[in-house]
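First to last, the protein sequences are chains A and B.
Numbered per my numbering, the first sequence spans residues 16 to 214.
Numbered per my numbering, the second sequence spans residues 16 to 214.
Protein chains: 2
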Amino acid sequence: MPRPSNKPRILEAATDLFSRKGFRATTVRDIAEAAGMVSAGLYAHIATKEDLLVEIVREAAEEFEQALAPLVALPLEPPEKLRQAVRAHLEVVTQSPARARIFLDEWQALSPPRRESVQRWRERYEAHWAAILQEGAEQGAFLVEDLALARVFVLSCLNAVNRWYRPDGRLGVEEVADRYATWLLRVLAGPVDKTNHPR
Amino acid sequence: MPRPSNKPRILEAATDLFSRKGFRATTVRDIAEAAGMVSAGLYAHIATKEDLLVEIVREAAEEFEQALAPLVALPLEPPEKLRQAVRAHLEVVTQSPARARIFLDEWQALSPPRRESVQRWRERYEAHWAAILQEGAEQGAFLVEDLALARVFVLSCLNAVNRWYRPDGRLGVEEVADRYATWLLRVLAGPVDKTNHPR
DNA sequence: CCTACCGATCGGTAGG
DNA sequence: CCTACCGATCGGTAGG
């Protein structure tokens with residue numbers, strides 16, 4: 016009978032600590048204690064503290080990827096696709112807040128060789144958003160002038176939710192997603208000129 | 016004749032290092048070297064490394080405050096006031112990027128007693144934005160349903176510019192400010208219902 | 001602002 | 001996964 020490894024406990028402890036205190040401010044002794052062992056015991060499961068951070072970032076990247084990728088291929092009207100993408104992203108951001116925070120911010124503590132692979136994961140995820148916006152622009156549903164800037168704008172708003180959202184707060188994630196989607200669709204709908212003046 | 020103190024050099028070095036590497040990853044030896052002295056020499060000017068961070072956050076808070084406060088009292092139409100506020104905020108964010116980053120993020124490395132005064136500076140600044148939005152709502156120019164959420168939304172987008180803006184990039188800060196202001200005004204203009212269907 | 005230094009703590013290893 | 005430990009580095013001080 017294989018008894019359960021404690022690796023998941025270590026990852027869980029590190030995720031919580033890295034997200035709350037930051038990678039540099041977290042010691043291997045902190046992690047070991049939270050996982051119920053002494054610091055030397057960690058090294059039966061990991062090679063370095065930095066590997067732990069990479070592994071958490073990878074988990075988080077997969078979580079974002081799996082939330083969004085299926086949606087991108089769906090045959091939806093662009094506004095509805097955007098609305099569902101906003102909801103999917105915010106669900107990850109609010110329901111795995113520690114992992115999400117590490118994917119969004121704390122990966123920057125990695126040293127250059129490992130940063131680059133993380134950067135590729137991030138670019139791959141952002142490419143899904145580019146595709147959603149591109150599709151909306153091609154179909155004439157999104158009239159925004161600068162798609163690259165619009166993508167940055169959209170993801171800025173959404174990612175920041177990770178910093179302020181609290182599960183016991185005034186708004187649930189569905190409410191935030193609905194309002195944010197509505198607002199972002201106003202941005203993407205393009206200039207509204209009720210008087211039909213030429214611009 | 017009072018010769019010029021090296022305190023400004025220390026602050027400048029610490030601002031650069033804290034913003035690039037983070038507070039925890041920056042050593043007092045790093046700062047001293049960048050300021051042209053040995054680490055013990057720092058302590059002729061400061062009491063602790065943390066004091067240095069507090070001082071930088073205070074400088075940054077003042078810079079944001081001085082950019083926005085005069086504007087808030089001006090007799091401008093709400094959309095124009097918002098546009099000018101966006102520009103003022105983004106100018107600080109892009110022209111003092113290191114200081115701004117410390118005001119926006121790195122202050123969280125402070126331990127609880129000092130964090131609280133920083134939090135008050137931040138709340139004071141955010142109150143100006145609340146006032147701008149409130150005024151627009153009262154005058155009927157901004158029709159957004161949830162002013163508190165709108166303020167978070169607006170500041171999220173604007174603050175994130177600090178993370179991606181590069182002086183040698185495709186867009187200058189004026190262009191980013193103009194487009195962002197346009198987009199945010201679409202959000203704040205409220206629902207546009209060209210067909211006059213009831214909602 | 002420098003030389004010299006300190007106690008604490010860091011990430012990680014040896015050996016079982 | 002533990003006991004025992006290591007070299008490096010940390011923020012900061014003494015004394016001038």
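Ideal Cβ placement from N, Cα and C applies to all residues, glycine included.
Just so we're clear, the structure is a prediction, and the values are computed from it rather than from any experiment.
Locate the alpha helix (DSSP H) running through residue i, then write down its first and last residues.
| i | result |
| --- | --- |
| A/F79 | K64 to V87 |
| A/R130 | P127 to E153 |
| B/T41 | Run containing B/T41: none; DSSP gives neither H nor E here. |
| A/Q123 | First-last for A/Q123: undefined, no H or E at that position. |
| A/L97 | P93 to Q110 |
| B/L57 | S54 to L57 |
For residue i, which of the options has the nearest alpha-carbon?
| i | options | result |
| --- | --- | --- |
| A/D66 | A/A49, A/R130 and A/G51 | A/R130 |
| A/A102 | A/A29, A/N174 and A/V202 | In the sequence as displayed, the identity of residue 102 of chain A is Arg instead of Ala. Checking every option, the nearest Cα to that of A/R102 belongs to A/N174. |
| A/E150 | A/A47, A/L89 and A/R73 | A/L89 |
| B/R116 | B/G37, B/Q134 and B/D183 | B/G37 |
| B/E95 | B/L148, B/P128 and B/Y180 | B/L148 |
| B/A59 | B/Q81, B/S20, B/A84 and B/V72 | B/S20 |
| A/Y195 | B/Q134, B/E153, B/E160 and B/A55 | B/E160 |
| B/T41 | A/A113, A/A124, A/A62 and A/D193 | A/A124 |
| A/A156 | A/P206, A/W136, A/G184 and A/D120 | A/P206 |
| B/E74 | B/P128, B/Y180 and B/W136 | B/W136 |
With C-beta atoms as the reference, is residue i less than 8 Å away from residue j?
| i | j | result |
| --- | --- | --- |
| B/V43 | B/K22 | no |
| B/A49 | B/L68 | no |
| A/F118 | A/F168 | no |
| B/A204 | B/L164 | no |
| A/H143 | A/V87 | yes |
| B/R178 | B/A145 | no |
| B/V188 | B/L97 | no |
| A/A100 | A/Y140 | no |
| A/R39 | B/R35 | no |
| B/S171 | A/S111 | no |
| B/Q134 | B/P93 | no |
| B/R114 | B/I61 | no |
Which residues in the same chain have their Cβ closer than 6 Å to the Cβ of residue i, if we skip the five residues on either side of it in sequence?
| i | result |
| --- | --- |
| A/L199 | V169 |
| A/S126 | none |
| A/W122 | V72 and V133 |
| A/A82 | A103 and V107 |
| A/Y180 | T109 |
Near residue i, which residues of its chain fall below 7 Å by C-beta distance, leaving aside the five closest residues on each side in sequence?
| i | result |
| --- | --- |
| B/I46 | I25, A28, A29, L32 and L57 |
| B/V53 | A47 |
| A/V176 | L105, V108, T109 and V191 |
| A/A84 | H143 |
| A/T197 | none |
| B/A55 | none |
Counting only the same chain and skipping the five closest in sequence on each side, list residues whose C-beta sits under 8 Å from that of residue i.
| i | result |
| --- | --- |
| B/E138 | none |
| A/G51 | N21 and R24 |
| A/L162 | A145, L148, Q149 and A152 |
| A/L91 | Q99 |
| A/P182 | T109 |
> At what residue ranges does the stretch 179-209 of chain B contain a whole run of the alpha helix (DSSP H), taking only runs of 4 or more?
Replying inline: Correct list: 188-203.
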